Amino acid sequence: MDNNLTKIYNRSLKGPLIFFVVIMLLPFIFQSNNYILSTFIMIGFYSLVTTGLTLLIGYAGQISLGHAAFYGIGAYTSAYFTATLQMPSWIGILVGAIIASLVSLIIGIPVFKLKGHYLALATLGFGVIIFTFFKEWKTITGGLNGFFGIPPLSLFGISFSTDFQFYFLIWIFVFLGIFFARNIVQSRVGRALMSIHGSEIASEAIGININKYKLQIFVLSAVYASIAGSLYAHYVTFINPQLFEMMTSIYFLIMVVIGGIGNIWGGLIGAAIYVFLGELLKDIVPKIIPNASGEFEIVFFGVLLVVILIYMPNGISKAIFHFIKRITSSFKNKPVSAFSKKSTGSDIHD
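Plus 83 on top of the position in the sequence shown (first one is 1) and you've got the working numbering.
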């Protein structure tokens, strides 16, 4: 019991701060390698989405297969406000987050009356509807031809036009998002969410308003996805509906499951594994199977998902943190060397 309480209330920032410092130092090492920087930037986009999705799936126990829609809402809103209406980037990001929160609120009220597979199918249907909206409303989105001419992101007079500059921006957003989610998990709201995940009937019996909490966390996860989408649009400066189709939502879900739905860092770990393996497959698969199409990636991650669910149901993050804990414990419990004792063999006293 004491160990469980320690895990819930553990607010140590030592590990996260060390990781943050390492991440912030990486661009100085790979400053001349835009490929590596762009790879880490993509991990940052996905990490922001999957952090919100981890709150929804891992802590509230609600499955969403439509988060690519919110990702797209943020991207198109920010693109339209900056490229068409010539407004500042921060307004596009803010309006995108507001629209995503309103849409998620409107959708969430009826959807969260459903449970299990019906809930997943409802969110999947919502994603298809929004994808069709992106594809058909050509006067706003450009349809399948795409939305061109999105300006580079500019905040407070600073233009983020290079990979080196954008790297710092996206990872600051990622860590702010993770720390905010971490505080939610360690708060009364987080305990309520975990209670809902464990048993909705028991939670309702002790007075928890389960619909309110599920709806709130759904809206929050939509805002996370919207902000990531807005930043993505300004980074690539061109978007089209195919970036926000159903498979994108499924990939987000795969990242969360691979990383670990029960850990707030699982989304980041899952996103990193997904991106790195995806890049590795692009190099290896053509050498092994010359005629393989791009669909091979779907097969690979499908198989990987099944393997993770069977052998590591808590995700890779648990194994990673367990390994780190064993390493740190071994250093703490390292026996005193015989050479540190006096030559007489007597004990050393304080």
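Using N, Cα and C, we set each Cβ at its ideal position, and we do this for glycine too. Treat the numbers as computed from the prediction; the structure is a model and nothing was measured.
Bridge partners - residue i, DSSP secondary structure assignment
| i | result |
| --- | --- |
| L360 | BP columns for L360 are empty, so no partner. |
| I322 | F230 |
| S237 | S242 |
Rounded straight-line distance, which links the Cα of residue j to that of residue i
| i | j | result |
| --- | --- | --- |
| G343 | A354 | 11 Å |
| A143 | K370 | 43 Å |
| L139 | V211 | 20 Å |
| K97 | E362 | 31 Å |
| S400 | S332 | 21 Å |
| V302 | G191 | 8 Å |
| Y315 | A158 | 7 Å |
| V105 | I310 | 24 Å |
| K365 | E380 | 9 Å |
| R265 | L131 | 13 Å |
| L197 | N323 | 31 Å |
| S172 | V257 | 18 Å |
| W220 | A152 | 15 Å |
| N86 | T215 | For N86, the predicted model reports a pLDDT of 46, less than 50, meaning its position is unreliable and no value from the coordinates is stated. |
| I189 | F217 | 19 Å |
| V194 | T224 | 27 Å |
| F113 | L120 | 7 Å |
| F384 | L336 | 11 Å |
| R274 | I284 | 15 Å |
| Y334 | I233 | 25 Å |
| R409 | P396 | 20 Å |
Buried versus exposed call for residue i [16 or more other C-beta atoms within 10 Å across all chains shown]
| i | result |
| --- | --- |
| A305 | buried |
| G398 | buried |
| N116 | exposed |
| M330 | exposed |
| F359 | exposed |
| V148 | Here residue 148 is Leu; the residue named in the question, Val, does not match the sequence. Buried, since its Cβ has 16 or more Cβ neighbours within 10 Å. |
| F412 | Strictly speaking, residue 412 in this sequence is Ser, with Phe absent from that position. Classification for S412: exposed. |
| K297 | buried |
| L82 | The displayed coordinates of the chain run from 84 to 433. Any statement about residue 82 would go beyond what the structure contains. |
| F406 | exposed |
| V268 | buried |
| Y357 | buried |
| S242 | exposed |
| N346 | buried |
| L351 | buried |
| I279 | buried |
| H150 | buried |
| L100 | exposed |
| Y118 | exposed |
Cβ-Cβ separation, residue j to residue i (assumed contact under 8 Å), whole Å
| i | j | result |
| --- | --- | --- |
| I261 | T133 | In fact, because the Cβ distance is near 10 Å, the residues do not count as touching under 8 Å. |
| F231 | F321 | 6 Å |
| V339 | L136 | 5 Å |
| G175 | S313 | 6 Å |
| F183 | I146 | Here residue 183 is Ala; the residue named in the question, Phe, does not match the sequence. With a Cβ gap of about 19 Å, A183 and I146 do not count as contacting. |
Examine the Cβ distances between the stretch 104–114 and the stretch 165–180 and report whether three or more of them are shorter than 8 Å. No, because fewer than three Cβ pairs between the stretch 104–114 and the stretch 165–180 fall closer than 8 Å, the two stretches do not touch.
For the 8 Å Cβ check, are there 3 or more pairs between the stretch 113–127 and the stretch 245–261? By the Cβ criterion, the stretch 113–127 is in contact with the stretch 245–261, since at least three pairs of Cβ atoms, one from each stretch, lie closer than 8 Å.
Quick one: any contact between the stretch 173–184 and the stretch 148–158, if contact means 3 or more CB pairs under 8 Å? As far as the Cβ criterion goes, the stretch 173–184 touches the stretch 148–158, which means the pair count is three or higher.
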